[in-house]
Structure formats: C-alpha cells, structure tokens
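Numbering (the UniProt record's numbering), first residue to last: 1 to 357. Beneath this line is the structure, given in structure tokens, with notes to follow.
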Ligand SMILES: *Cc1c(COP(=O)(O)O)cnc(C)c1O
C-alpha cells in the first residue's frame, strides 16, 4: 500500500509521475530505448530539456522577461557557492538574511568572495520566526534570502523591497504559491523538495545581472556558460530532468501554481488547526511565519513519543520525524501530498488525544 509520505526531501511526487517515469525507464517515447541509455544530445531528450526550461518560465510567469531556466547539478548547496562566484564583486559585499541552517550555509560560502552582511538573524531564538525589521544596504551586490526554512517550518510571507538584485533559495516551496517572481533576479531550488527527484537543481536567472564581477569564473561554475550551452554544458541529469518535466506537466494540468496554492493552503489550515486545538501538541514556529510546506510541532510530553510514533506508523504515515538537528515532528506537505493524507494524520492526532490526554 502506498504510504502517506511526509518526507521533507526527497519527497512525494504525483503517482502518475512515478508511473510515467517508470515506463520511460523501460521504453522511452516508444523508441525501444530506456531513458537511462539515450544520448542527452538525442532529439527526444533535447525536446525534454527545451520543454522543461520553457515550462518553468511559463509556470512562474517569467516568459519573455529576460530570464533563463537552467537544470544544473550539485544541489542547492552548489548554488550557495555559485551565486557569490557569479554575483559578488571582488572587494564587494553581499547582504544575507539568516533564517536557518540553509541560509547560514549560503553565508559561509559567500565569505570566500567578499564581505557578507547579515542584515538580520533569528538564530538566537532557534530560528523560530522570520526577522522583519532590517535594512538592506543599497550598495551591496545582492540580497540573499531563503523563502521557506525546511527544517524550522517558517516561511517568508512578504519579501522586502530593495533596489539591489534579489537572490532566493526556494528549494522547499518553489511552485507551491503565487508570488511576483519577477521581483527576484535569481531563484534556485534543489528539485527534490517540490519539483522532482534528487540530482538536479533548478536555477532561474535574469541574464542582465550576470557578467558584472570582472572575475574569471570557471566554466562549470559560470551561469553564462550554462545559458550559452542551453543547460547542456556537460551531460545533464537526464532522468531527473525528465521526471521534473513530468511533475511540471502535472502541475500545469492541475491549473498551475494558483490552483495548487489553494490546495496547499487547505492542507496547512487543516493540520495547523489540529496542532493548535489538540492539548497534546504545540507548534514550534511563530504563527504569522508558519510554513505551508513544512509544519513543525512537538509533543508537550516527550515521554508519549513512542506511543504516538507507533500510532502514525500503523496508519501508513511515513517521514514524520523532525530534522535530526531539531527533533520533534515535521509534516512536509509538498504539492503532491493529497489532502486525504493530511486528514489521516489529523485523525491519528485526535485519536491519540482521546487515549492519552
Ligand atoms: C534541502 C535544502 C537545501 C539543500 O539542498 P541540497 O540539494 O541537498 O544541496 C538548501 N536549501 C533549502 C531551503 C533546502 O530545503
């Protein structure tokens, strides 16, 4: 039986994506070849790459606005490095908002290239909220933020206004909610949270911000190289790109981001209402910053954990444990997780309260 998969990443994808990608492993496009054995330069795969790049821009509302979509490798962590390499001038400075482990990882990488200014941090409060009052220096080369903090269950609801380029790590909430994506100059996301399997990273970059550092950038790290080579500078992650395309096609058929956002809001509302109502549990993120993707919560009485864990596992739920650095529980409700799975979890929480309150 298919589990109710709350894993934070790699994570659940639509069932039809699993089925179609499995089919392509056996016989891709009726070619008599597996997707795993075809050339990335074959006509069939070039069409996949082209459609995937175009569909990303279409779904984000960025077509014809000077943006390029790239499917790269190295995970979001590679972009922590590639961003300052391409955007931070020698002797320049970059502004970062520190909202968690991933944000601070990005800050560490940028330090090798210039001055990093942390405009605000919620580290002292264990990253339980998003800092709101801060100034972004107008003379920095860019401002970097993390839209959704996968580990802590916080999400930026309103992005700051600034005149400098805005870079955003959207690994765990891209394609989950409507935003004016044209306010961002560079967006990156490891595919494995909401777009596809592990092995490929999406980078959406406004071409006009590139080429300004005067630095000699190694080709593999140079966004412009990847743009010029149409995201085929080196062999792309063929299967991961194809599976991402299937997921994007599925999203489009659902009605795109506007339609999935409504479902994501309904799922989050259902679970947070129960976390707040149930006497045994407590949410860990500040209410106004709660993530619609990753809901983090604790048992007020930790000694009940073995009994609760047994109950949700028996209900067919998987992947509910919190990140190893924070413990507790984390329900990741990415696009492909059905509302019914959230209802199953809520029912388990209610049942658990009846026998343990
Ligand atoms: C998972 C995650 C990362 C790290 O992604 P990798 O692909 O493993 O490098 C970075 N940022 C955010 C917000 C994440 O959720």
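By construction, the Cβ of each residue, glycine as well, lies at the ideal position given by its N, Cα and C atoms.
Ligand 1 heavy atoms versus the CB of residue i: any closer than 7 Å?
i: residue 193; result: yes
i: residue 309; result: no
i: residue 98; result: no
i: residue 146; result: yes
i: residue 92; result: no
i: residue 247; result: no
i: residue 199; result: no
i: residue 9; result: yes
i: residue 75; result: yes
i: residue 190; result: yes
i: residue 169; result: yes
i: residue 150; result: yes
i: residue 182; result: no
i: residue 176; result: no
i: residue 172; result: yes
Indicate the three-state DSSP secondary structure (helix, strand or coil) for residue i in the structure shown.
i: residue 280; result: coil
i: residue 139; result: coil
i: residue 70; result: strand
i: residue 115; result: strand
i: residue 89; result: coil
i: residue 5; result: strand
i: residue 232; result: coil
i: residue 306; result: helix
i: residue 42; result: coil
i: residue 178; result: coil
i: residue 78; result: helix
i: residue 285; result: coil
i: residue 263; result: helix
i: residue 219; result: helix
i: residue 347; result: helix
i: residue 84; result: helix
i: residue 31; result: coil
Spatial neighbours of residue i within its chain, please: C-beta separation below 7 Å, excluding the five flanking residues on both sides.
i: residue 299; result: 280, 281, 305 and 308
For residue i, which residues does DSSP report across the bridge?
i: residue 186; result: 167 and 205
i: residue 296; result: 330
i: residue 155; result: 148
i: residue 98; result: 121
i: residue 318; result: 5
i: residue 290; result: 154
My guess is that residue i and residue j are in contact by the Cβ rule of under 8 Å, so how many angstroms apart are they, rounded?
i: residue 349; j: residue 274; result: 5 Å
i: residue 173; j: residue 155; result: 6 Å
i: residue 368; j: residue 201; result: As displayed, the chain neither begins before 1 nor continues past 357, which places residue 368 out of reach and without an answer.
i: residue 319; j: residue 7; result: 3 Å
i: residue 238; j: residue 144; result: Actually they are not in contact, since the Cβ atoms of residue 238 and residue 144 sit about 30 Å apart, beyond 8 Å.
i: residue 110; j: residue 94; result: 5 Å
i: residue 240; j: residue 196; result: 6 Å
i: residue 151; j: residue 325; result: 6 Å
i: residue 231; j: residue 49; result: 6 Å
i: residue 337; j: residue 271; result: Between residue 271 and residue 337 the Cβ distance is about 11 Å, and since that is not below 8 Å, they are no contact.
Going by beta carbon distance, what residues of the same chain come within less than 6 Å of residue i, once the five residues before and after it are set aside?
i: residue 227; result: 68
i: residue 311; result: 348 and 352
i: residue 149; result: 99 and 100
i: residue 223; result: 86, 205 and 210
Once the 5 residues before and after residue i are set aside, which same chain residues still bring their CB inside 8 Å of it?
i: residue 251; result: 59, 175, 257, 260 and 335
i: residue 89; result: 114, 141, 212, 213, 214 and 215
i: residue 292; result: 155, 173, 176, 177, 264, 265, 267, 268 and 333
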